[in-house]
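Chemist: Here it is: the structure, laid out below.
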Amino acid sequence: EEEGQEEQEEQEQAQEMEDIIPTGFSQREAGTLSLSAVALDDVGRSSSERRPDSSALLASPVRAGYSSEEDSPSMTVENQEIMERNMVKSFSRFIRQHKALKEEQRVHAHELQAHARKLEKSALALQQEGHERREAVKMLRQDMDGRLASDLETAALALQQEARERRAAMEALKQDMHGDHDRLKKDLAGRHVQLKKE
495 EEEGQEEQEE QEQAQEMEDI IPTGFSQREA GTLSLSAVAL DDVGRSSSER
545 RPDSSALLAS PVRAGYSSEE DSPSMTVENQ EIMERNMVKS FSRFIRQHKA
595 LKEEQRVHAH ELQAHARKLE KSALALQQEG HERREAVKML RQDMDGRLAS
645 DLETAALALQ QEARERRAAM EALKQDMHGD HDRLKKDLAG RHVQLKKE
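The following block contains the structure:
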């Protein structure tokens, strides 16, 4: 069962590599890409976490595109299979990390877009609020101007009425003074006549 599961995982990883490696790449070029993936997968790892055979794989003649049978006679078939499985796993890990990074970037971009939309809505709401406040101030000024004009008109009418009343009072006072003068004049004339008689 374990061997069957390992074979299934290897088939899935091999299929994943076939889906990713462009059509037309030779086995030698695919091996070079896989080794590059091993190097990329080691990026960010500490010295204790890195695979011990990564540098050896990168330094091997296979990296330059040579076959193991021609240039690496000391490499056994078992070692070749182990190396290939390691390369497949490393490349698969690299692809998964790449996909995870792309998904994280997509989610982050979506969050940024949502935040930008919220900011835009807030800006529009503030703009609308400012417009409403300006309209309210304008109406208040018009109301104040109207009230002021009405108060001024009322005050002017009151002053006119007061002026008419004062003129009427002055006229009445003049008439009263003329009447007193006539009475005083008649009284003085009567006393003068009486004095002459005496």
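Under this note's numbering, the first residue of the sequence shown is numbered 495, with each subsequent residue one higher.
Glycine residues also receive a C-beta, built at the ideal position from the N, C-alpha and C atoms.
Helix, strand or coil: how does DSSP classify E692 here?
Modeler: coil
Chemist: Can you tell me whether M664 is buried or exposed, with buried defined as 16 or more other CB within 10 angstroms of its CB?
Modeler: exposed
Chemist: Can you say whether V582 is buried or exposed, counting buried as having 16 or more other CB atoms within 10 angstroms of its CB?
Modeler: buried
Chemist: Tell me the rounded alpha-carbon separation between L653 and E659.
Modeler: 10 angstroms
Chemist: What number of angstroms, rounded off, separates the C-alpha of G673 from the C-alpha of A662?
Modeler: Across the structure, G673 and A662 are spaced so that their CA atoms are roughly 17 angstroms apart.
Chemist: How would you label M633, buried or exposed, when you count the other beta carbons within 10 angstroms and need 16 or more for buried?
Modeler: exposed
Chemist: Measure the C-alpha to C-alpha separation of H675 and R635 and round it to an integer number of angstroms.
Modeler: Rounded to the nearest angstrom, the two C-alpha atoms are 59 angstroms apart.
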